[in-house]
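Numbering (our numbering), first residue to last: 9 to 349.
All remarks here apply to the structure that follows.
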């Protein structure tokens, strides 16, 4: 090894050490989320001793975790030794809009285990989750309701920000009926109906999801403007909409399954209709982007993938649509608008 290469290795070492131990920060973050540390700090700084007493943790051990999180920018440690929330750490509170507490727990305690066999996914193209846990993700969650509840909360926390921003940024003034395909807990529909008082909507999802969502929409006073229909978007999609929405759906699936979903949407939509796809778009080049991290997660967990704008355009073309516009919204997501070809 030359002197130059030795010097290069020494320069690279700190970055590689930090990258290779990132899982420790991930787990520390999850510990703080599970213990409710952010909620305990909501009213101001507190010492580790008080936080340990309130959470039933060992004081010295908890201090070490809090110190790591302070170094990561999640907390700040005062000269007095007390810890306080940063703007980043405030997102771990359970009582604020935009909370990502469930998301943090889900990523560390739920899907995390699948990454011990990530090499299998890279070598085969198959999701490691099923190999590790014995069932595909959604089947596994159905078998373990407590994990399923955390997963649903996590998806709701994250998607609520993106779908609300998408509904607020789109001009849906001419839409009489919106069909939300795989609409989940109704976040997008509720936001769209609130901004468009003349609009009616259909929310379409699996039977066990539809039942829960129907009750939520009833409680929100939207039952008279939104029907909830149970079904499987791999089989068919309800007709009669002016606009169809797929919000954070396509990234769960490989290209062939996506084409199947999109084809069913094309069968349902009139020639003058609009298809709105809310997803993360991966930029070209090697710039850092959260979508690239999520893309590997989809490889390992579901077998799905994040895509570039061109890749979505190709899926639309295969399904009888053409990409007409991309709406950049103030979140990590974008809205791809497609029209029947």
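C-beta: ideal position from N, C-alpha, C; glycine also.
Exercise for the section: Determine the contact status of residue 3 and residue 255, defining contact as a CB-CB distance below 8 Å. Expected result: Beyond the ends of the chain as shown, which are 9 and 349, falls residue 3; an answer cannot be given.
Practice task
Return the first residue and the last residue of the alpha helix (DSSP H) that residue 296 is part of.
Solution key: Residue numbering aside, residue 296 sits at position 288 when the chain shown is read from its first letter. Taken as a continuous stretch (DSSP letters only), residue 296 belongs to no alpha helix (DSSP H), as it is neither H nor E.
Handout entry: Exposure label - residue 116; buried when at least 16 CB within 10 Å
Key = Start at 1 with the first residue of the chain shown, and residue 116 comes out as number 108. So residue 116 ends up on the buried side.
Exercise for the section: Please say whether residue 114 and residue 162 have beta carbons closer to each other than 8 Å? Expected result: Stepping through the chain shown from its first residue, residue 162 is reached at position 154. Stepping through the chain shown from its first residue, residue 114 is reached at position 106. In this structure, residue 114 lies closer than 8 Å to residue 162 by Cβ.
Handout entry: C-alpha distance - residue 183 paired with residue 145, whole-angstrom precision
Key = Here residue 183 refers to the residue found at position 175 when the chain shown is read from its first residue. Here residue 145 refers to the residue found at position 137 when the chain shown is read from its first residue. Approximately 35 Å between the Cα atoms of the pair.
Problem - Selection from 280, 122, 279 and 258 that minimises the alpha carbon distance to residue 270 - result: Along the chain shown, read from residue 1 onward, the residue named residue 270 stands at position 262. It is 258.
Exercise for the section: Kindly indicate which three-state DSSP category residue 141 falls into: helix, strand or coil? Expected result: Taking the chain shown and counting its residues from 1, one reaches residue 141 at position 133. Correct three-state label for residue 141: helix.
Exercise for the section: Report yes if the C-beta distance between residue 249 and residue 187 is below 8 Å; otherwise report no. Expected result: On the chain shown, residue 249 is found 241 positions in, with the first residue counted as 1. On the chain shown, residue 187 is found 179 positions in, with the first residue counted as 1. Yes, Cβ-Cβ distance for residue 249 and residue 187 is below 8 Å.
Handout entry: Residues that DSSP places opposite residue 234 in a beta bridge
Key = Along the chain shown, read from residue 1 onward, the residue named residue 234 stands at position 226. Beta-bridge pairing links residue 234 to 209.
Exercise for the section: Please classify residue 92: does DSSP put it in a helix, a strand, or coil? Expected result: One-based indexing of the chain shown puts residue 92 at position 84. Three-state result, residue 92: strand.
Handout entry: Nearest to residue 104 (by Cα), restricted to the options 282, 47 and 246
Key = Along the chain shown, read from residue 1 onward, the residue named residue 104 stands at position 96. Closest option to residue 104, Cα to Cα, is 47.
Exercise for the section: Take residue 314 as the anchor and find which of 298, 326 and 325 has the nearest alpha-carbon. Expected result: Along the chain shown, one-based indexing puts residue 314 at 306. Residue 314 has its Cα closest to that of 298, out of 298, 326 and 325.
Practice task
For residue 1, I'd like the list of residues in its chain whose CB is within less than 8 Å of its CB, leaving aside the five on either flank, ordered along the chain.
Solution key: Residue 1 falls outside the range modelled here, since the chain spans only 9 to 349, and no answer is possible.
Handout entry: Per-residue burial, residue 27 [other beta carbons within 10 Å of its own, 16 or more giving buried]
Key = As a position in the chain shown, residue 27 is number 19, starting the count at 1. With fewer than 16 Cβ atoms within 10 Å of its Cβ, residue 27 is classed as exposed.
Problem - residue 303 in three-state terms, based on DSSP - result: In the chain shown, counting from the first residue as 1, residue 303 sits at position 295. Three-state result, residue 303: helix.
Exercise for the section: Below 7 Å CB to CB, which residues in the same chain sit around residue 35 once its five sequence neighbours on both sides are set aside? Expected result: For the purposes of this step, residue 35 is identified with residue 27 of the chain shown, where counting begins at 1. Counting only Cβ-Cβ distances below 7 Å, and skipping sequence neighbours, we find 116.
Problem - Cα-Cα separation between residue 65 and residue 329, rounded to whole angstroms - result: Residue 65 sits at position 57 when you count from the first residue of the chain shown. Residue 329 sits at position 321 when you count from the first residue of the chain shown. Within the model, the alpha-carbon separation for residue 65 versus residue 329 is close to 56 Å.
Exercise for the section: Could you name the residues of the same chain whose beta carbon sits closer than 6 Å to that of residue 333, not counting the 5 residues immediately before and after it, in chain order? Expected result: Position 325 of the chain shown holds residue 333. Cβ neighbours of residue 333 beyond the five flanking positions: 345.
Practice task
Would you mind sorting residue 25 into buried or exposed? The rule is 16 or more other CB atoms within 10 Å of its CB.
Solution key: The residue you call residue 25 lines up with position 17 of the chain shown. Residue burial is scored here from C-beta neighbours: residue 25 has fewer than 16 other C-beta atoms within 10 angstroms and is therefore classed as exposed.
Practice task
Measure how close the beta-carbons of residue 246 and residue 237 come, nearest whole angstrom, since I'm counting them as under 8 Å.
Solution key: Looking up residue 246 in the chain shown gives position 238. Looking up residue 237 in the chain shown gives position 229. Right, their Cβ atoms sit about 5 Å apart.
Practice task
Might you give, ordered along the chain, the residues of its own chain that have their beta carbon closer than 6 Å to the beta carbon of residue 73, omitting 5 neighbours on each side?
Solution key: Working through the chain shown from its first residue, we reach residue 73 at position 65. Take residue 73, set aside five residues on each side of it, and the residues of its chain with a beta-carbon closer than 6 Å to its own are 36 and 39, in chain order.
Exercise for the section: Return the first residue and the last residue of the beta strand (DSSP E) that residue 344 is part of. Expected result: Within the chain shown, residue 344 is the residue found at index 336, counting from 1. For residue 344, the uninterrupted beta strand (DSSP E) segment begins and ends at 342 to 348.
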